[in-house]
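Here the structure is laid out as structure tokens; the discussion comes afterwards.
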Amino acid sequence: MFIANLVSYILVLLGAVNWGLYGIFNFNLVSAIFMGDRSIGAIITYVIIALAAIWLIISTVFANGILRFTNHREERV
Numbered sequence: 001m002f003i004a005n006l007v008s009y010i011l012v013l014l015g016a017v018n019w020g021l022y023g024i025f026n027f028n029l030v031s032a033i034f035m036g037d038r039s040i041g042a043i044i045t046y047v048i049i050a051l052a053a054i055w056l057i058i059s060t061v062f063a064n065g066i067l068r069f070t071n072h073r074e075e076r077v
């Protein structure tokens, strides 16, 4: 769960940076890398980032609102 949360968080941050670049400078980084908005690489990237966002939402809901980025377990007294 730790690795999935960390990778998802990084992917969502990259997606947010892409949206920021697009909103401020009208530059789509994913489209520039894959040479087109609807190229197969761009579509796969968008889908992976969307799945990462959905994972973060679902894992946070199931963890009672706590998104964990540590590998340590809490001891209950």
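Mapped onto UniProt numbering, the consecutive letters of the sequence shown carry residue numbers 1 to 77.
Backbone N, C-alpha and C fix where the C-beta goes; we use that ideal spot for every residue, glycine too.
Hey, V12 and L56: beta-carbon distance below 8 Å or not? yes
Coil, strand or helix - G20 by DSSP: helix
With V30 and Y46 assumed to form a contact (beta carbons below 8 Å), what rounded beta-carbon distance in angstroms separates them? 7 Å
Kindly give me the distance between the Cβ atoms of G15 and I49, rounded to whole angstroms, as I take these residues to be in contact under 8 Å. 4 Å
Mapping the DSSP letters down to three states, classify A53 as helix, strand or coil. helix
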